[in-house]
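J.: Numbering of the sequence shown is given in the working numbering, commencing with residue 167 and proceeding in unit increments. C-beta: ideal position from N, C-alpha, C; glycine also. Note that the structure is a prediction, hence the values are computed from the model and not measured. The structure follows.
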Amino acid sequence: MTIKSDKWIRRMVEQNQMIEPFESRQVKENGTGRIVSHGTSSYGYDIRCANEFKIFTNINSVIVDPKQFAPESFVDVNADVCIIPPNSFALARSVEYFRIPRNVLVICLGKSTYARCGIIVNVTPLEPEWEGHITLEFSNTTPLPAKIYANEGVAQLLFLESDEECETSYKDRKGKYQGQRGVTLPVT
167 MTIKSDKWIR
177 RMVEQNQMIE
187 PFESRQVKEN
197 GTGRIVSHGT
207 SSYGYDIRCA
217 NEFKIFTNIN
227 SVIVDPKQFA
237 PESFVDVNAD
247 VCIIPPNSFA
257 LARSVEYFRI
267 PRNVLVICLG
277 KSTYARCGII
287 VNVTPLEPEW
297 EGHITLEFSN
307 TTPLPAKIYA
317 NEGVAQLLFL
327 ESDEECETSY
337 KDRKGKYQGQ
347 RGVTLPVT
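Below, the structure is given as structure tokens:
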């Protein structure tokens, strides 16, 4: 497997509609000033989060159980910013919709701007032939409230291309998160 460059990413978007909407360059400002960058970088793609957030709350004192997840554990917020309580987390989704080719694996890493503020982005790999919006998890590791900005960069994707196609893709396995749209809670 080899990590792929900005040229490869642009070509894959043209051929496979791999990322929609797609920004072919790195955007560092909008009409109101500087933003956390998003778009194509040298060896990756910086994704944005949409303005749909699910903020974790312990008001109902439920147990967090991935097999029986309680949707009432979240407060839904649609806004340009999300304030995450201290030592808590929020879910969001990527603005971009992805279609991953069969011979590609994608790894997602948090952006250093957020990491330097104690905000950790957690995303599992995007497997071959998976498609959908990425559900993002932001952990606020600080004892203070933390802010996430919608429609700005939050994480970087690295694309690894194999010399051969996998025997069984996410689509072949009929993965439970295939085609997800919006913020998706755990599914069993």
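1. Quick check for students: name the residue ranges of the alpha helix (DSSP H) that lie wholly in the region 244-296, counting only runs of 4 or more.
2. Quick check: the Cα distance between residue 382 and residue 213, rounded to an integer number of angstroms?
3. What are the start and end residues of the alpha helix (DSSP H) that includes residue 179?
4. Just the C-alpha distance for residue 250 and residue 314, rounded to the nearest angstrom, thanks.
5. Do residue 222 and residue 207 have their C-beta atoms within less than 8 angstroms of each other?
6. Mapping the DSSP letters down to three states, classify residue 239 as helix, strand or coil.
7. Once DSSP output is grouped into helix, strand and coil, what is the label at residue 332?
8. Roughly how many angstroms lie between the CA atoms of residue 291 and residue 339, to the nearest whole one?
T.: If we stick to the structure as given:
1. Runs of the alpha helix (DSSP H) lying entirely within the region 244-296, each at least 4 residues long, are 278-281 in chain order.
2. Outside the modelled stretch of the chain, which goes from 167 to 354, sits residue 382, for which no answer is possible.
3. Note, residue 179: alpha helix (DSSP H), 172-182.
4. Straight through space, the alpha carbons of residue 314 and residue 250 are spaced by roughly 8 angstroms.
5. Against a cut-off of 8 angstroms, the Cβ pair of residue 207 and residue 222 comes out as no contact.
6. Residue state, collapsed to three classes: helix.
7. In this structure, residue 332 counts as coil in the three-state DSSP scheme.
8. Roughly 16 angstroms between the two C-alpha positions.
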